[in-house]
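Student:
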Amino acid sequence: MPLACWGNHPVVPARAARPERRRDLDAIVGDPSIGTLISRGLGRSYGDAALPPEPREGSAAILHERLDRLLSFEPASGMLHAEAGATLAGIIEAFLPRGFLPAVTPGTKFVTLGGAIAADVHGKNHHTEGSFGAFVHEITLLLPSGEVLRCSRAENTDAFWATLGGMGLTGHILSARIRLRPVQSAFLTVRYQRARSIYEAFDLFAGPFSTFRYSVAWIDCLSEGAALGRSVLMGGDHTPAAEVPSPQRSRLLAPNVPRGFRVPFFAPSALLNPWTIRAFNALYFNAHWTRTRTVGYDSFFYPLDHIRDWNRLYGRRGFQQFQFVLPHEFARDGMVEVLTGLARSKRASFLAVLKTFGPSSGGVLSFPKPGWTLSLDLPHDGGLNAFLRGLDDLIVKHGGRRYLAKDACLSPGHFRRMYPELDRFREIRARLDPHDRLASALSRRLGITP
Ligand SMILES: Cc1cc2nc3c(=O)[nH]c(=O)nc-3n(C[C@H](O)[C@H](O)[C@H](O)COP(=O)(O)OP(=O)(O)OC[C@H]3O[C@@H](n4cnc5c(N)ncnc54)[C@H](O)[C@@H]3O)c2cc1C
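If you use the working numbering, the sequence shown corresponds to residues 11 to 460, in order.
#1: Looking at the secondary structure, which residues open and close the beta strand (DSSP E) in which W299 lies?
#2: Can you tell me the Cα-Cα spacing of S43 and L35, whole angstroms?
#3: Taking one C-beta from the region 57-64 and one from the region 443-451 each time, how about it: are there three or more such pairs within less than 8 Å?
#4: Comparing C-alpha positions only, which one of R259, L323, T304 sits nearest to F276?
#5: Return the bridge partner residues of Q331 from the DSSP annotation.
#6: Measure the C-alpha to C-alpha separation of T383 and A418 and round it to an integer number of angstroms.
#7: Taking just the CA atoms, how far does F332 sit from D403?
#8: Is the region 97-109 close to the region 190-205, with three or more CB pairs under 8 Å?
#9: Out of L281, S49, I287, point me to the one whose CA is closest to K356's CA.
#10: Since V39 and H182 should fall inside the 8 Å C-beta cutoff, what is the C-beta to C-beta distance between them, to a whole number of angstroms?
#11: Looking at the secondary structure, which residues open and close the alpha helix (DSSP H) in which H137 lies?
#12: For A71 versus A144, is the C-beta distance shorter than 8 Å?
#13: For S256, does the count of other Cβ atoms within 10 angstroms reach 16, so buried, or fall short, so exposed?
#14: For a minimum of 3 consecutive residues, which ranges assigned as the beta strand (DSSP E) are wholly contained in the region 237-291?
#15: Between the C-alpha atoms of P65 and A37, what's the straight-line distance to the nearest angstrom?
#16: Determine the burial state of L179: buried for a count of at least 16 other Cβ atoms within 10 Å of its Cβ, exposed for fewer.
#17: Does the region 309-320 come into contact with the region 383-398, if we say contact requires no fewer than three beta-carbon pairs (one atom in each stretch) closer than 8 Å?
#18: Below 8 Å between beta carbons: does that hold for H74 and R187?
#19: Name, in chain order, the residues that DSSP records as bridge partners for G381.
#20: Heavy atom of ligand 1 less than 7 Å from the Cβ of W16, yes or no?
#21: Give the straight-line distance between the Cα atoms of F120 and G45, rounded to the nearest whole angstrom.
#22: Check for me: the alpha helix (DSSP H) holding I405 runs from which residue to which?
#23: Helix, strand or coil for L71? Go by DSSP, reduced to three states.
#24: Only counting runs of 3 or more residues, tell me where the beta strand (DSSP E) segments fall wholly within the region 110-179, in order along the chain.
#25: Any contact of the region 302-309 with the region 330-344, i.e. 3+ C-beta pairs under 8 Å?
#26: Comparing the CB of A129 with every heavy atom of ligand 1, is any distance shorter than 7 Å?
#27: Taking C-alpha atoms, which residue in F110, G100, Y202, S141 lies nearest to P116?
#28: Under 7 Å from any heavy atom of ligand 1, does the C-beta of H147 make it?
#29: Can we say the region 198-208 touches the region 47-55, given the rule of at least three CB pairs closer than 8 Å?
#30: Between A59 and ligand 1, is there a pair consisting of the residue's CB and a ligand heavy atom that are separated by less than 7 Å?
#31: Ends of the beta strand (DSSP E) at S453?
#32: Which first and last residues belong to the beta strand (DSSP E) in which P192 is found?
#33: Between which two residues does the alpha helix (DSSP H) holding S355 run?
#34: Going by CA-CA distance only, name the one from R272, G239, Y307, T173 that's closest to P250.
#35: If you draw a straight line from the C-alpha of I3 to the C-alpha of R31, how long is it?
#36: Are the CB atoms of L77 and A94 nearer to each other than 8 Å?
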């Protein structure tokens, strides 16, 4: 089948298997006729991390979506044991009515537990609480040999730290124990504030917005000059039950039922162009003035989930998401250089999001490290990869790195300079997968696997 991830670029012909039961998974992993394997969740990574390499080698993707049971839950500690195919959407539906939410969540709830661990995903609270890995207590891995390995901070620690952010290259995650966050309501109290430039946004983040558990800024990446990087900042905290306004009290711990607008087909590639994006940006910026509101968790954490298949708006050629982090000391200069380069290139990003990162989780290949992170969505065209390589030079120069879950074009040379622990990762991987049975299109492109 043609297989792609969320950016719809690249699309590769691939073999895929969707085991219904654990014994089916064991049979696939033990099948010597299959070349290499890579696990896949819901394909919400953007590039080629969840795609198998060359189909001619008989490689295949294992789709974990049916292996999604919630196995046990301890309400006193919030500890959930679930299979890797369980989704954050399913976990929220089951546990929000009992007063629990995932402690760290990416910008979509349509990701699996396995995908969240393998990418060590981050949310809007990295600066205060770290990445998904901070709440993972134990991972059970199925190794290519068929052996099952339990790993944690106390047991098989190398395997644990290599699997967090290890992009599926250390084994097939079968299940994990994660700690959920107790909440009193399904709502957040959110402050919105406009910043007239990226400089003002940095100051607000470092000042009044530093005390929020969650913070994020939407950036108008087409603005230039004195308005370069003008933004809307959002800072939020969970709303205690007593502070939920009365109209919303009746739905105190109710999960949101998706109202399902779906983009029915691929839009013409020209739909998202600098003119339409400029018009959207002006509307969005002017619609947000300084105020504080109580909003549902779904609107705050997952605004894009309200439009199903929104990736089709980019047309059949797809798009690339480009996310990088720059350390604090170089972030201001580096971000200004990237935004200036982007504005000059007339490449418009429909979504541009700025966040701050706190300390790393300890995952050997985990992306987050202290600094500032910016993500951009750029429609794919013939010249995009060359343009992004230019940005990669800038990122390396400023001591930053790119996020592998959102990459489709990083070069092996840039990668090596961005991830200095690559050799340690390879050593651990060699013990877990000595015959190189695990590989993805991404791992081959970057030289992580032979
Ligand atoms: C709208 C949107 C918003 C997003 N926002 C954020 C964000 O704010 N922060 C962030 O960090 N990410 C974000 N992402 C990226 C997304 O969270 C990650 O790419 C996540 O890994 C996707 O999970 P998945 O289950 O779809 O995994 P896939 O995309 O299918 O796979 C991702 C990686 O996980 C591996 N993997 C999956 N399942 C297993 C398993 N069972 N065992 C071993 N390896 C496995 C795959 O091999 C692959 O390397 C966003 C994505 C979208 C589409």
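Beta carbons: idealized from backbone N, C-alpha and C, even for Gly.
Tutor: Reading from the atomic positions:
#1: As a first step, residue 299 is located in the sequence shown; it is residue number 289 there, counting from the start. Run containing W299: none; DSSP gives neither H nor E here.
#2: Your numbering for residue 43 matches position 33 in the sequence shown. Your numbering for residue 35 matches position 25 in the sequence shown. C-alpha separation (whole angstroms): 15 Å.
#3: yes
#4: Position 266 of the sequence shown, counting from 1, holds the residue named residue 276. Checked all of R259, L323, T304; the closest Cα to F276 is L323.
#5: Numbered from 1 along the sequence shown, position 321 holds the residue referred to as residue 331. The partner list for Q331 (beta bridge, DSSP) reads D387.
#6: Looking up residue 383 in the sequence shown gives position 373. Looking up residue 418 in the sequence shown gives position 408. The straight-line gap from Cα to Cα measures roughly 18 Å.
#7: Here residue 403 refers to the residue found at position 393 when the sequence shown is read from its first residue. Here residue 332 refers to the residue found at position 322 when the sequence shown is read from its first residue. So the two alpha carbons sit approximately 14 Å from each other.
#8: yes
#9: Counting from 1 along the sequence shown, the entry for residue 356 is found at position 346. Checked all of L281, S49, I287; the closest Cα to K356 is I287.
#10: As a position in the sequence shown, residue 39 is number 29, starting the count at 1. As a position in the sequence shown, residue 182 is number 172, starting the count at 1. Correct: roughly 7 Å between the Cβ atoms.
#11: Counting from 1 along the sequence shown, the entry for residue 137 is found at position 127. Looking at the DSSP string, the run of the alpha helix (DSSP H) that includes H137 is 136-139.
#12: The residue labelled residue 71 in the question sits at position 61 within the sequence shown. The residue labelled residue 144 in the question sits at position 134 within the sequence shown. Cβ distance not < 8 Å, so A71 and A144 don't count as in contact.
#13: For the purposes of this step, residue 256 is taken as residue 246 along the sequence shown, with counting starting at 1. Counting Cβ neighbours within 10 Å, S256 comes out exposed, since fewer than 16 surround it.
#14: 241-248
#15: Counted from its first residue, the sequence shown places residue 65 at position 55. Counted from its first residue, the sequence shown places residue 37 at position 27. Cα-Cα distance, rounded: 20 Å.
#16: One-based indexing of the sequence shown puts residue 179 at position 169. Classification for L179: buried.
#17: no
#18: Indexing the sequence shown from 1 puts residue 74 at position 64. Indexing the sequence shown from 1 puts residue 187 at position 177. Contact: no.
#19: Within the sequence shown, the letter at position 371 stands for residue 381. According to DSSP, which records beta bridges pairwise, G381 is partnered with F367.
#20: The count along the sequence shown starts at 1 and reaches residue 16 at position 6. Yes - ligand 1 has a heavy atom lying nearer than 7 Å to the Cβ of W16.
#21: Taking the first residue of the sequence shown as position 1, residue 120 is located at position 110. Taking the first residue of the sequence shown as position 1, residue 45 is located at position 35. Taking the straight line from one Cα to the other gives about 29 Å.
#22: Translated into positions along the sequence shown, residue 405 becomes position 395. Its alpha helix (DSSP H) spans residues 394-407.
#23: Walking along the sequence shown from the start, residue 71 turns up at place 61. The identity of residue 71 in the sequence shown is Ala, whereas the question assumes Leu. Strand, per DSSP.
#24: 110-112, 146-152, 158-162
#25: no
#26: Taking the first residue of the sequence shown as 1, we reach residue 129 at position 119. Yes, Cβ of A129 sits closer than 7 Å to a heavy atom of ligand 1.
#27: The residue labelled residue 116 in the question sits at position 106 within the sequence shown. When only C-alpha atoms are compared, the closest one is S141.
#28: Walking along the sequence shown from the start, residue 147 turns up at place 137. Checking the Cβ of H147 against ligand 1 gives no.
#29: no
#30: Residue 59 sits at position 49 when you count from the first residue of the sequence shown. Correct: A59 has its Cβ closer than 7 Å to ligand 1.
#31: Here residue 453 is taken as the residue at index 443 of the sequence shown, counted from 1. Careful: S453 lies outside any beta strand (DSSP E), inside the alpha helix (DSSP H) at 451-455.
#32: The residue you call residue 192 lines up with position 182 of the sequence shown. Note, P192: beta strand (DSSP E), 182-192.
#33: The residue given as residue 355 occupies position 345 in the sequence shown. 338-355 is the extent of the alpha helix (DSSP H) around S355.
#34: In the sequence shown, residue 250 corresponds to position 240, counting from 1. For the residues R272, G239, Y307, T173, the minimum Cα distance to P250 belongs to Y307.
#35: Within the shown structure, residues of the chain are numbered from 11 to 460, placing residue 3 beyond reach of any answer.
#36: Stepping through the sequence shown from its first residue, residue 77 is reached at position 67. Stepping through the sequence shown from its first residue, residue 94 is reached at position 84. It is a contact, given that the beta carbons lie within the stated cut-off.
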